[in-house]
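In terms of my numbering, the first sequence has 557 at position 97, counting the first letter as 1, and numbering is strictly consecutive. Cβ coordinates follow ideal geometry from the N, Cα and C atoms, glycine included. Worksheet for the structure shown next.
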Amino acid sequence: MLLNIYETLLKFFGFQHWWPTKSGNKTEEIIIGAVLTQQTAWRNVEKSIDNLINAGCLSLKRISGMKLKEIENLIRPCGFYRVKAKRLKEISTYFSRKYGNLHRFFEKPLEECRKELLSLNGIGYETCDAILLYAGNKPIFVVDRYTHRILSRAGVWSGKFRYEALRRFIESRVPRDLKLYKEFHALFDELAKTYCRSEPLCKECPLREMCKFKQGK
DNA sequence: ACCCAGGTGGCCC
DNA sequence: GGGCCACATGGG
Numbered sequence: 461m462l463l464n465i466y467e468t469l470l471k472f473f474g475f476q477h478w479w480p481t482k483s484g485n486k487t488e489e490i491i492i493g494a495v496l497t498q499q500t501a502w503r504n505v506e507k508s509i510d511n512l513i514n515a516g517c518l519s520l521k522r523i524s525g526m527k528l529k530e531i532e533n534l535i536r537p538c539g540f541y542r543v544k545a546k547r548l549k550e551i552s553t554y555f556s557r558k559y560g561n562l563h564r565f566f567e568k569p570l571e572e573c574r575k576e577l578l579s580l581n582g583i584g585y586e587t588c589d590a591i592l593l594y595a596g597n598k599p600i601f602v603v604d605r606y607t608h609r610i611l612s613r614a615g616v617w618s619g620k621f622r623y624e625a626l627r628r629f630i631e632s633r634v635p636r637d638l639k640l641y642k643e644f645h646a647l648f649d650e651l652a653k654t655y656c657r658s659e660p661l662c663k664e665c666p667l668r669e670m671c672k673f674k675q676g677k
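So, in structure tokens, the structure goes:
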């Protein structure tokens with residue numbers, strides 16, 4: 461069932477090329493973007509990332525040395541800029557001091573990296589797993605509210621949103637494949653943005669056959 | 001003028 | 001463990 465959904469979405473939307481980056485500092489850009497995008501539209505994150513690039517500050521080392529106010533001013537467009545500036549600075553300082561190069565961090569086993577990330581302020585399950593999957597190339601499935609909404613409507617998952625339960629459920633039903641993990645999450649996001657919003661909009665939805673909201677009116 | 005966006009942490013029970 | 005709240009800008 462899940463693989464059927466994956467194939468259907470892939471055919472319908474095409475390859476998504478996640479995680480999108482625009483600098484040469486890909487790994488760090490993903491980590492920074494993962495924090496900035498919390499509860500925020502991506503277009504606003506892009507403005508903040510552009511500001512960081514133009515200021516020559518798109519690196520953990522740079523951010524760790526900046527004043528909080530400077531960070532706030534650059535990332536303002538992405539919203540929640542005070543909490544996010546604080547989170548970014550703490551996280552940047554942590555990694556810059558403990559690991560010069562992030563390769564030193566990601567060469568550790570997945571579970572160790574995960575525990576360490578989750579212990580940091582500002583990194584919850586989703587941010588943690590997005591960093592592990594897209595920045596660290598570790599096979600862990602990233603789950604979010606969209607995933608829950610879509611799988612609920614498709615009748616694959618019943619019940620509330622519980623991150624770990626949903627993640628394990630999916631991981632136990634699809635091949636442990638890095639490319640599939642990356643792509644499936646991106647496709648869930650794309651579908652939710654276009655056809656699976658809070659109001660049912662099932663007419664053109666590629667999953668309309670299995671969707672619980674049958675095209676009413 | 002609403003509503004939502006690629007969540008998280010703090011506080012309460 | 002769950003339910004509620006603050007955090008904030010920008011686009012539809």
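- With a cutoff of 8 Å on beta-carbon distance, residue 476 and residue 647 are scored as near each other.
- Listed in chain order, the non-local C-beta contacts of residue 544 below 8 Å within the same chain comprise 495, 496, 498, 535, 538, 582, local neighbours out to five positions each way being set aside.
- A Cβ-Cβ distance of about 30 Å is found for the pair residue 531 and residue 570, leaving them out of contact under the 8 Å criterion.
- Contact check for residue 491 and residue 614: beta-carbon distance about 31 Å, past the 8 Å limit, so the pair fails to qualify.
- For the pair residue 626 and residue 645, the CB atoms are not nearer than the 8 Å cut-off.
- Restricting attention to 657, 484, 566, 643, the CA atom closest to the CA of residue 472 is found in 643.
- DSSP places residue 620 in the coil class of the three-state scheme, outside both helix and strand.
- Judged by their CB atoms, residue 518 and residue 561 are not nearer to each other than the 8 Å cut-off.
- Sorting 580, 512, 470, 469 by C-alpha distance to the C-alpha of residue 489 places 512 at the top.
- Put simply, the backbone Cα of residue 656 is about 39 Å away from that of residue 553.
- Residue state for residue 559 is assigned as coil, using DSSP reduced to three classes.
- Residue 493 counts as buried, since no fewer than 16 other beta carbons sit within 10 angstroms of its beta carbon.
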